[in-house]
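These notes concern the structure reproduced below.
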């Protein structure tokens, strides 16, 4: 019977369970992505090439004259208040970034999409007709793909706020924090710590399959090995039914670590509570997660996640960004608001060069990358990105960084 099992679960776990019954898809936009992190104002908005990082200085000799027209596509004018708030936050962060620019003038024009793909495509076409040289946004992956198709023949590149790598490519780049980045950072660290034989536990749905593929791709780029995989139906009963299979596979595969794809609003709290009862304890296996385990903070209190790992941008940098945003706008930023700042960071760095090709694919994918409020960022030719992330461990209900985020792409294993 399921009920006795759930009766034993602590109240803090039960707070998460109602969400588990409805599969809130994050693959469409995956905009519940990881919060971004800030650099100090003097370090932000520069390419990672030291020659381009000129804190407190003026524009370099290649600075372009006249404003650079940038279109920002955000999901405002929606019947969904959450989308409207996100739109405002992205615009706020972008304008905060513009205020930090030195030697570059940005003419930011904001276009509201309501989170609708058709409207996003129409607004993108209008933006290009208005003179936009590059597009930031939109958030949702379907909208980003539609925008990319609409402006491709005009040779306009799109820096979308999505983290869905399946839409990346052509003239569409994703700025969001991707599963592949998180997985690669954690797997590389696990291998370094002698815990590189990993079992993946995922939801049996589209989101879980995407996450599992991301982990497998990341493993191929590290010294980690996928020892086994196991999935569960996305329901309370499905998790309970899968527990014997999961625990048996962990023990029989010789896994040293267990990699969860679930988040705190899904099955993660339940797995963290019940797996130790099935002889898979964090004291014997290294638990790690593809999502932020500090969001919401109540997740840090789960006993089954003590000692567990997750990846995040540098927390000290994030606090700087949040402080500046709060001082300017009187409220905390949305978890992905900083992507608006990051987009302007990349545009601002490239805008210093002359010529109509400054936002070309070759320039966008420069090997040195960019420094934004989420740390270092490098766009790849396939439209995905690489980011510098820290590894954090939950210790006594607190977040402790055990491997800091790199500050450049040189010698970081990228």
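In mature numbering (1 follows the signal peptide of the UniProt record, and there is no 0), the protein residues as written are -46 to -1, 1 to 368. The beta-carbon is built from N, C-alpha and C at its ideal position, and this holds for glycine as well.
Under DSSP, residue 75 takes part in no beta bridge, so it has no partner. Assignment of beta strand (DSSP E) within the stretch 259 to 324, counting only whole runs of 3 or more residues, yields 263 to 266 in chain order.
When the beta-carbon positions are compared, residue 234 and residue 290 stay at least 9 Å from each other. The beta carbons of residue 109 and residue 254 sit no closer together than 9 Å. Taking 9 Å as the cut-off, the beta carbon of residue 157 is found closer than this to the beta carbon of residue 220. As a beta-bridge residue in DSSP terms, residue 62 pairs with 24. Here residue 83 is exposed. Its C-beta has fewer than 16 other C-beta atoms within 10 Å. Between residue 178 and residue 141 a beta carbon distance of about 4 Å is seen, short of the 8 Å cut, so the two are scored as contacting. About 5 Å separates the beta carbons of residue 182 and residue 203, which is inside the 8 Å limit, making them a contact pair.
In the DSSP assignment, residue 157 falls within the beta strand (DSSP E) that extends over 151 to 157.
By the neighbour-count definition (other C-beta atoms within 10 Å, threshold 16), residue 284 is an exposed residue.
Counted as a single uninterrupted DSSP element, the beta strand (DSSP E) harbouring residue 90 occupies residues 88 to 90.
About 17 Å separates the beta carbon of residue 74 from that of residue 48, a gap too long to meet the 8 Å contact definition.
Secondary structure note for residue 192: it is in no beta strand (DSSP E), and the uninterrupted alpha helix (DSSP H) holding it is 190 to 207.
With 16 or more other Cβ atoms inside 10 Å of its own Cβ, residue 267 counts as buried.
Residue 269 and residue 190 have their C-alpha atoms some 33 Å from each other. Taken in chain order, the complete beta strand (DSSP E) segments of 3 or more residues contained in the stretch 107 to 161 are 112 to 114, 126 to 128 and 151 to 157. Less than 9 Å divides the Cβ of residue 244 from the Cβ of residue 133. Annotation for residue 224: 193 place their beta carbon closer than 6 Å to its own, counting only its chain and skipping 5 residues before and after. Following the DSSP letters along the chain, one finds residue 104 in no beta strand (DSSP E) but inside the alpha helix (DSSP H) bounded by residues 95 to 105. Secondary structure at residue 329: strand, using DSSP grouped into helix, strand and coil.
Looking at the DSSP output, residue 349 bridges to 352.
Straight across, the Cα-Cα distance linking residue 90 with residue 262 is about 35 Å. Here residue 288 has 39, 40, 43 and 44 as same chain residues with Cβ atoms under 8 Å from its own Cβ, once five neighbours each way along the sequence are excluded. Residue 213 is bridged by DSSP to 154 and 242. Distance from the Cα of residue 29 is smallest, within the candidate group 146, 67 and 23, for 67. Annotation: residue 113 to residue 358 spans about 27 Å, alpha carbon to alpha carbon. Taking 9 Å as the cut-off, the beta carbon of residue 77 is found no closer than this to the beta carbon of residue 95. Rounded to whole angstroms, the separation of the alpha carbons of residue 329 and residue 21 is 26 Å. Shown here, residue 341 sits in a strand according to DSSP, grouped into three states.
For residue 182, DSSP records a beta bridge to 153. Annotated as proximal: residue 115 and residue 297, with beta-carbon spacing under 9 Å.
For residue 36, the enclosing alpha helix (DSSP H) begins and ends at 35 to 54. Of the candidates 163, 186, 160 and 135, the residue whose Cα lies closest to the Cα of residue 173 is 135.
Note that the C-beta distance between residue 85 and residue 23 is below 9 Å. In the structure shown, residue 81 falls within a helical segment according to DSSP collapsed to helix, strand and coil.
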